[in-house]
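Undergrad: For the record, the sequence lines run as chains A and L.
For reference, each letter of the first sequence is one residue, going 899 to 1073 in my numbering.
For reference, each letter of the second sequence is one residue, going 899 to 1073 in my numbering.
All C-beta atoms in this analysis are idealised placements derived from N, C-alpha and C, irrespective of residue type, glycine included.
As the structure is a computational prediction, the values presented were derived from the model and not from experiment.
Got a structure for you, questions after.
2 protein chains.
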Amino acid sequence: MKFCPSCGAAVTRRIPPGDSLPRFVCDECGDIHYQNPKLVVGTIPEWEGRVLLCRRAIEPRYGYWTLPAGFMENGESAGEAALRETLEEAGARAELIAPYSIISVPAVNQVHLFYRARLLDLEFRPGAESLEVALREEKDIPWKEIAFRTVGLTLRRWCADRARGEFGFFAEDLK
Amino acid sequence: MKFCPSCGAAVTRRIPPGDSLPRFVCDECGDIHYQNPKLVVGTIPEWEGRVLLCRRAIEPRYGYWTLPAGFMENGESAGEAALRETLEEAGARAELIAPYSIISVPAVNQVHLFYRARLLDLEFRPGAESLEVALREEKDIPWKEIAFRTVGLTLRRWCADRARGEFGFFAEDLK
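Below you can see the structure in the form of structure tokens.
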């Protein structure tokens, strides 16, 4: 950030009075512009023990496999965002079962949140950001071609929980 | 947002090519400025069945009671943010037990995340944003003076879970 979004003057980076961290501050209009982590929200879409994966048609990680997920938008709930991304990326209609994982990735200022979800039918098809969409058995998950560490971690825990017949909720940090 | 934070030119609000929602777009430098929900993260600090509450010294809801919580910062994990807010607002050192609730508040573009936490000692004291800090039994929780609906909902569920001797994790939307 170089210019004030409110008035267009140049901003400086300094610690405002009463604060403890440097912020972008406008000396012209006085506005303080905070920057905070973003939520990436998605689903683990299930169908008879299989999981729906998408192969990415965009960077980063073009051609790698992922769970349907994306940035939560203003005006929606986390659950709505998860189902919207599932529809957009996989063309898949689903219903939420429960939140399953929340993983902080401070290096990129993101928090990833995944919900278990039940596919409502098998009418899925790749959206604009996916090359293909496929229902995979655990043994057919392409572990070496998973796009993001948060997705790999979530899928491994999901497989382990499925094996023991009980799904918990877990929180992790990826440093 | 009226001006581009990157180049200082005026921005317009329109749907970029390939997108489906209006964004602040700079026609001068081409930058698209996304706006996304913010995470508010806090703890339910426990000590021998009691819970630590803070009375707010700032607006909004000056004088009302809350759990220690605040905006997650870039560069930290959600758990780190929860413990930092607990230290800042209540002067309390604690350790996380488990995530407990995630509540979307789309009307204000926020997601509130609370962790159960165990106080490490009784050396708490009000921080700059608190008038007082107190350990409360369930029967002494000031239900009519709770600052935020997400805090009231989390505390009610925590009391109910404590009564049945089992703490789950829950997700809710507040519309």
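#1: Is it right to say Ser975 of chain L is buried, meaning 16 or more other beta carbons lie within 10 angstroms of its own, or is it exposed?
#2: Are Ala980 of chain L and Tyr1013 of chain L touching if we call contact CB-CB under 8 Å?
#3: Contact criterion: CB-CB distance below 8 Å. Does Gly973 of chain A meet it with respect to chain L?
#4: With a cut-off of 8 Å, does the C-beta of Cys905 of chain A fall near any C-beta of chain L?
#5: Please tell me whether Val1009 of chain A has its Cβ less than 8 Å away from any Cβ of chain L.
#6: Could you compute how far the alpha carbon of Lys936 of chain L sits from the alpha carbon of Ile1000 of chain L?
#7: Going by CA-CA distance only, name the one from L:Phe1046, L:Met970, L:Glu1070, L:Leu1053 that's closest to Lys1037 of chain L.
#8: Counting contacts by CB-CB distance shorter than 8 Å, is Leu919 of chain A in contact with chain L?
#9: Using a 10 Å radius around the Cβ and a threshold of 16 neighbouring Cβ atoms, would you call Leu1018 of chain A buried or exposed?
#10: Quick one: which residues of the segment 1028 to 1040 of chain A get their C-beta closer than 8 Å to a C-beta of chain L? List them in chain order.
#11: What residues from the segment 965 to 993 of chain A come within 7 Å of chain L, judged by C-beta to C-beta, listed N to C?
#12: Could you tell me if Pro1004 of chain L is buried or exposed, where buried requires 16 or more neighbouring beta carbons within 10 angstroms of its beta carbon?
#13: Excluding the five sequence neighbours on either side, which residues of its own chain have a C-beta within less than 7 Å of the C-beta of Glu993 of chain A, listed in chain order?
#14: What is the rounded straight-line gap between the Cα of Arg1034 of chain A and the Cα of His1010 of chain A?
#15: Please confirm whether Arg911 of chain L and Pro920 of chain L have their CB atoms less than 8 Å apart.
#16: Within the 8 Å Cβ cut-off, does Ile1000 of chain L reach chain A?
#17: Is Cys927 of chain L buried or exposed, if buried means 16 or more other CB atoms sit within 10 Å of its CB?
#18: Going by CA-CA distance only, name the one from A:Ile995, A:Arg948, A:Cys905, A:Glu1027 that's closest to Ala967 of chain A.
TA: In short:
#1: buried
#2: yes
#3: yes
#4: yes
#5: yes
#6: 13 Å
#7: L:Leu1053
#8: yes
#9: exposed
#10: none
#11: Phe969, Met970, Glu971, Asn972, Gly973, Glu974, Ser975, Ala976, Gly977
#12: buried
#13: Ala1015, Arg1016, Leu1018
#14: 22 Å
#15: yes
#16: yes
#17: exposed
#18: A:Glu1027
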